[in-house]
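**Student:** Could you have a look at this structure, given as C-alpha cells, before my questions?
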Amino acid sequence: MARRLTLTGNDAAAEAMRQIDPDVVTCFPITPQTELMHKFAEFVADGDVKAEMVLVESEHSAMSAAVGAASAGARVMTATSANGLALMWEIVYIAASNRLPIVMPVVNRALSGPINIHCDHSDTMGCRDTGWIQLYSENAQEVYDNVLQGILIAENPEVLLPVMVTFDGFIISHTVEVLDALDDKDARDWVGDYKSTYSLLNTDEPATFGPLDLQDYYFEHKRQQIEGMNNATGVIKSVGEAYGKLSGRAYGMTENYMTDDADYVVVALGSTCGTAKVVVDEMRAEGKRVGLLKIRSFRPFPHAEILAGLASAKAVGVLDRSVSFGAPGGPVHKEILAALSGTGDATVVNYLYGLGGRDISLDHIRTVFEELETLAGKTIPADEVRFIGLRG
Amino acid sequence: MREKSWREIPIGGIIEDAGNAETYETGSWRTYRPIWDPEKCIHCLACWIACPDSAILLEDGKMIGIDYAHCKGCGICAFECPDKISAIEMKIETDVND
Chain S
78 MARRLTLTGN
88 DAAAEAMRQI
98 DPDVVTCFPI
108 TPQTELMHKF
118 AEFVADGDVK
128 AEMVLVESEH
138 SAMSAAVGAA
148 SAGARVMTAT
158 SANGLALMWE
168 IVYIAASNRL
178 PIVMPVVNRA
188 LSGPINIHCD
198 HSDTMGCRDT
208 GWIQLYSENA
218 QEVYDNVLQG
228 ILIAENPEVL
238 LPVMVTFDGF
248 IISHTVEVLD
258 ALDDKDARDW
268 VGDYKSTYSL
278 LNTDEPATFG
288 PLDLQDYYFE
298 HKRQQIEGMN
308 NATGVIKSVG
318 EAYGKLSGRA
328 YGMTENYMTD
338 DADYVVVALG
348 STCGTAKVVV
358 DEMRAEGKRV
368 GLLKIRSFRP
378 FPHAEILAGL
388 ASAKAVGVLD
398 RSVSFGAPGG
408 PVHKEILAAL
418 SGTGDATVVN
428 YLYGLGGRDI
438 SLDHIRTVFE
448 ELETLAGKTI
458 PADEVRFIGL
468 RG
Chain Z
-12 MREKSWREIP
-2 IGGIIEDAGN
8 AETYETGSWR
18 TYRPIWDPEK
28 CIHCLACWIA
38 CPDSAILLED
48 GKMIGIDYAH
58 CKGCGICAFE
68 CPDKISAIEM
78 KIETDVND
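Here's what the structure looks like:
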C-alpha cells in the first residue's frame, strides 16, 4: 500500500533513509542539506531507527567515517552540499576506489565564491570523475525513489560503487510536494540486508584495506572500477524496472519525454526538467514537434538512450547548470557532442543557465525551442555558449 | 612471480592474505647496512623493540642476527643500541663485503 505524503525534498530523502535504516549515518550540516539530516536526527532521537548516527567536525571527517564504517561491512549513508562536498573531495575518491557502496544524497548548491547558497550543479558536476554513480532527481518523488534504488544499485556485487542522489537546492530540497511512498514493510523488503564481502571486523578472515598500490597493480584496480561503472548501466535499468513493479514508477537511465518524433529536443537534468515538460506539453498542443531528454544517470553516461532520444532531432539544446571553465561548453554539452559524434547532422547548441540559483522560467525554455527552430541545419562552433537569464 | 590480471585480483585494493609482508622482500631498498657485533651485544633487545620491519632475529630471547631480506637500513637499531655498548654500526651497503 502506498502512502501519499506532503514533504520537502529534504524530508523525502530523510523518509527514504528512515525506511532504509542504515547501520551507520555520518553527518555534518551544510545549507541546503541541513534539514535532511535534521529530520533524520529526529528519527534517531525518537527511536524510529536503529542507525548509529556519527556527528563529526567536518565533511572530510563525515566521508572518512563513512569509509571506515563501510570497510567494517556496514550499510552507510551521509549527505552534503557544495562546499561540504568540496571538503570531502579526497575521501570521495577513496570511497569509490575502495569499492564501498555508500549512498549519499547531495543537495545541489553553487560552489563558492562568491558565496552563494542556491542551486546550480557545479558541486556534483565537478566530481563527475570521482568514480561515483550520479542519479539526478527532478522532484521530491524522484529523490525518494532514487535513494531507495541507490542502495540496490550501489550494493550490487557487479557494481559495488558509491551512489550520489542529487537534487536541486531549495528548488527541490525546501519545496513541499506531494509524493507516494512505499509502506515500511515493502521498503524494508526492497532494500533487504547488506552483507559485505569483506569486513575490517572479521578477525576470522583478516584482510588489508586501502594499502599502497603502485606501478604494478594500481592500473589493474582502476580497470576494475571501469568495469563496475560499466556494469552499473544494466543494474540501474534492472533496478529501475523492478522498482516500477513494486511502486508503479519505473526508472531508466534517461526519461525521453516526447522525443520519438521530435524535431527539437532540450537536454537537461534536475528540476528544470519539470519546467521543460510543461513547455513541451504547451508547444505540442500548438503542433510543434518538441521533446525533452532528461538525463537521470549522468554517471554512468547513458549513451544508448541519448542516441535513441535524439535520433529524429534536427536541433538539440543542451542546458548546462555549471561551467567547465576554459572548455568548449558545459559538461553536459561536451558529453552530448561526444555521444552524437559521427551519428548525423543534428545541430547542437549549448545553453548555460541558472548559476547561483538564477531562476529559469517557462518563457526561457520556450525561447530555447524557438531558437532551435531557427538554428536547425546550421553549424554551431563547439565553443559557442548562449546564456539564459544573464543580463547583457 | 607472475603479475595477475585485473580479473584475478580482489577489487578495491583489498589484500586477502594476512601477514603477507613477510613474503615481500624490502632488503634491496637499503643504502646503509646495520652490522651487528655479537661480542659487544648485551641482548637488551632495544633494537628488537624499535625495529619497524621486525628484522631483528631472536632465538630463546637472545639476538642472533639481522634479517637482511627485510631490513631497509633505517638505522633505528644502531641509534637505540645503548651508547656504551654500540653493538650495531651502520655501513654504506656498497662498502660492505658480503
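Just so you know, the protein sequences line up as chains S and Z, in that order.
Be aware that the first sequence starts at 78, since it is given in our numbering, and climbs by one per residue.
Be aware that the second sequence starts at -12, since it is given in our numbering, and climbs by one per residue.
Quick reminder that beta carbons are idealized off the backbone N, C-alpha and C, glycines included.
Report the CB separation of S/S276 from S/A149 in whole angstroms; it is logged as a contact under 8 Å.
**Tutor:** By one-based count along the first sequence, residue 276 of chain S stands at place 199. By one-based count along the first sequence, residue 149 of chain S stands at place 72. That pair is a contact at about 6 Å.
**Student:** Please list the partners that S/G287 has in chain Z, where partner means a Cβ-to-Cβ separation under 7 Å.
**Tutor:** Reading the first sequence from its first residue, position 210 is the one you call residue 287 of chain S. The answer, in chain order, is G0.
**Student:** Identify the residues that DSSP records as bridge partners of S/Y428: which are they?
**Tutor:** Indexing the first sequence from 1 puts residue 428 of chain S at position 351. S/L396, S/R463.
**Student:** Using a Cβ cut-off of 9 Å, pull out every chain Z residue sitting near S/Q292, in sequence order please.
**Tutor:** Counting from 1 along the first sequence, the entry for residue 292 of chain S is found at position 215. Simply none; closest approach about 10 Å.
**Student:** How would you list, in chain order, the residues of chain S whose beta-carbon sits under 8 Å from the beta-carbon of Z/S(-8)?
**Tutor:** The sequence position of residue -8 of chain Z within the second sequence is 5, counting from 1. Those within 8 Å of Z/S(-8) in chain S are E297.
**Student:** Assuming contact is defined by CB atoms lying nearer than 8 Å, are S/V409 and S/L370 in contact in what I supplied?
**Tutor:** Taking the first residue of the first sequence as position 1, residue 409 of chain S is located at position 332. Taking the first residue of the first sequence as position 1, residue 370 of chain S is located at position 293. In this structure, S/V409 sits away from S/L370, with a CB-CB distance that is not shorter than 8 Å.
**Student:** So S/M154 packs on S/V102, CB below 8 Å; how close in whole Å?
**Tutor:** Within the first sequence, the letter at position 77 stands for residue 154 of chain S. Within the first sequence, the letter at position 25 stands for residue 102 of chain S. About 5 Å separates the beta carbon of S/M154 from that of S/V102, a gap short enough to meet the 8 Å contact definition.
**Student:** Of all the CB atoms in chain Z, is at least one closer than 8 Å to the CB of S/A459?
**Tutor:** For this step, residue 459 of chain S is matched to residue 382 along the first sequence. No, S/A459 does not count as interfacial toward chain Z.
**Student:** Would you verify that the beta carbon of Z/E3 is, or is not, closer than 8 Å to some beta carbon of chain S?
**Tutor:** Mapped onto the second sequence, residue 3 of chain Z falls at position 16. Yes, contact with chain S.
**Student:** Could you name the residues of chain S that Z/I51 contacts, counting a contact when the two beta carbons are closer than 7 Å?
**Tutor:** In the second sequence, counting from the first residue as 1, residue 51 of chain Z sits at position 64. Simply none; closest approach about 29 Å.
**Student:** Pick out whichever of S/L414, S/L384, S/I383, S/V367 has its Cα sitting closest to the Cα of S/I442.
**Tutor:** Position 365 of the first sequence, counted from the first residue, corresponds to residue 442 of chain S. Checked all of S/L414, S/L384, S/I383, S/V367; the closest Cα to S/I442 is S/V367.
**Student:** Could you give the first and the last residue of the continuous beta strand (DSSP E) run that contains S/Q211?
**Tutor:** Taking the first residue of the first sequence as position 1, residue 211 of chain S is located at position 134. From DSSP, the beta strand (DSSP E) with S/Q211 extends over 210 to 213.
**Student:** Using 10 angstroms around the beta-carbon of Z/S41, count the other beta-carbons present and answer buried if the total reaches 16, otherwise exposed.
**Tutor:** Taking the second sequence and counting its residues from 1, one reaches residue 41 of chain Z at position 54. The residue in question, Z/S41, is exposed, as its Cβ has fewer than 16 Cβ neighbours within 10 Å.
**Student:** Can you tell me whether Z/K(-9) is buried or exposed? The criterion is at least 16 other CB atoms within 10 Å of its CB, across all chains shown.
**Tutor:** Taking the second sequence and counting its residues from 1, the one referred to as residue -9 of chain Z is at position 4. When all chains shown are included, Z/K(-9) counts as exposed.
**Student:** Taking 8 Å as the CB-CB cut-off, is Z/I63 touching chain S?
**Tutor:** Along the second sequence, one-based indexing puts residue 63 of chain Z at 76. Judged by the 8 Å Cβ criterion, Z/I63 is not in contact with chain S.
**Student:** Is there a C-beta anywhere in chain S that falls below 8 Å from the one on Z/I174?
**Tutor:** With chain Z represented from -12 up to 85, any question about residue 174 of chain Z goes unanswered, as that position is not in the structure.
**Student:** Would you verify that the beta carbon of S/L237 is, or is not, closer than 8 Å to some beta carbon of chain Z?
**Tutor:** One-based indexing of the first sequence puts residue 237 of chain S at position 160. At least one C-beta of chain Z is nearer than 8 Å to the C-beta of S/L237.
**Student:** Identify the continuous alpha helix (DSSP H) that holds S/E447 and give its terminal residues.
**Tutor:** The residue you call residue 447 of chain S lines up with position 370 of the first sequence. Start and end: 439 to 452.
**Student:** Return the CA-CA distance between S/Y334 and S/K354, expressed in angstroms with no decimal places.
**Tutor:** As a position in the first sequence, residue 334 of chain S is number 257, starting the count at 1. As a position in the first sequence, residue 354 of chain S is number 277, starting the count at 1. The straight-line gap from Cα to Cα measures roughly 8 Å.
**Student:** Which class does S/P182 belong to by DSSP, given the choice of helix, strand or coil?
**Tutor:** As a first step, residue 182 of chain S is located in the first sequence; it is residue number 105 there, counting from the start. Assignment of S/P182 by DSSP, reduced to helix, strand and coil, places it in the strand class.
**Student:** Do you know how far the Cα of S/M202 is from the Cα of S/L237?
**Tutor:** On the first sequence, residue 237 of chain S is found 160 positions in, with the first residue counted as 1. On the first sequence, residue 202 of chain S is found 125 positions in, with the first residue counted as 1. Roughly 21 Å separates the two Cα atoms.
**Student:** What is the DSSP secondary structure of S/F375, counted as helix, strand or coil?
**Tutor:** For the purposes of this step, residue 375 of chain S is taken as the residue at position 298 of the first sequence. It is a strand residue.
**Student:** Looking at the strands, I want to know which residues DSSP matches up with Z/A78.
**Tutor:** Here the question's residue 78 of chain Z lines up with position 91 in the second sequence. According to the sequence provided, residue 78 of chain Z is Lys. The question's Ala does not apply to it. Its beta-bridge partners are Z/R20.
**Student:** Based on Cα-Cα distance, which residue from S/S174, S/P182, S/D125 lies nearest to S/E112?
**Tutor:** Reading the first sequence from its first residue, position 35 is the one you call residue 112 of chain S. Of S/S174, S/P182, S/D125, the residue nearest in Cα terms is S/P182.
**Student:** Buried or exposed for S/R80, going by 16 or more other Cβ atoms inside 10 Å?
**Tutor:** Numbered from 1 along the first sequence, position 3 holds the residue referred to as residue 80 of chain S. Exposed is the call here.
**Student:** Go ahead and label S/L225 buried or exposed: buried means 16 or more other beta carbons lie within 10 angstroms of its beta carbon, across all protein chains shown.
**Tutor:** As a working mapping, residue 225 of chain S is identified with position 148 in the first sequence. Result: buried.
**Student:** If the cut is a Cβ gap below 7 Å, which residues of chain Z does S/P377 touch?
**Tutor:** Residue 377 of chain S sits at position 300 when you count from the first residue of the first sequence. By Cβ distance, chain Z contributes nothing, its closest Cβ being about 17 Å from S/P377, past 7 Å.
**Student:** Look at the Cβ atom of S/R398, then the Cβ atom of S/G431, and state whether they are nearer than 8 Å.
**Tutor:** Locating residue 398 of chain S in the first sequence gives position 321, where the first residue counts as 1. Locating residue 431 of chain S in the first sequence gives position 354, where the first residue counts as 1. Annotated as proximal: S/R398 and S/G431, with beta-carbon spacing under 8 Å.
**Student:** Helix or strand or just coil, what does DSSP make of S/R366?
**Tutor:** For this step, residue 366 of chain S is matched to residue 289 along the first sequence. It is coil, neither helix nor strand.
**Student:** So Z/C31 and Z/P69 are supposed to be a Cβ contact under 8 Å. How far apart are they, rounded?
**Tutor:** Looking up residue 31 of chain Z in the second sequence gives position 44. Looking up residue 69 of chain Z in the second sequence gives position 82. With 8 Å as the limit, Z/C31 and Z/P69 qualify as a contact, their Cβ atoms being about 7 Å apart.
**Student:** Take Z/K59 as the anchor and find which of Z/I51, Z/E67, Z/M77 has the nearest alpha-carbon.
**Tutor:** As a first step, residue 59 of chain Z is located in the second sequence; it is residue number 72 there, counting from the start. When each option's Cα is compared against that of Z/K59, the closest is Z/M77.
**Student:** Check Z/K59 in the structure and name its three-state DSSP category.
**Tutor:** Translated into positions along the second sequence, residue 59 of chain Z becomes position 72. Correct three-state label for Z/K59: coil.
**Student:** Are the beta-carbon atoms of S/A362 and S/L82 separated by less than 8 Å?
**Tutor:** For the purposes of this step, residue 362 of chain S is identified with residue 285 of the first sequence, where counting begins at 1. For the purposes of this step, residue 82 of chain S is identified with residue 5 of the first sequence, where counting begins at 1. Not closer than 8 Å, so no.
**Student:** In the DSSP assignment, find the alpha helix (DSSP H) that holds S/M306 and state where it starts and stops.
**Tutor:** As a working note, residue 306 of chain S is residue 229 in the first sequence. Run containing S/M306: 295 to 324, per the alpha helix (DSSP H) assignment.
**Student:** S/V121 by DSSP, collapsed to three states: which one?
**Tutor:** As a first step, residue 121 of chain S must be located in the first sequence, where it is residue number 44. Helix at S/V121.
**Student:** First and last residue of the beta strand (DSSP E) that includes S/A258?
**Tutor:** The count along the first sequence starts at 1 and reaches residue 258 of chain S at position 181. First-last of the beta strand (DSSP E) with S/A258: 254 to 258.
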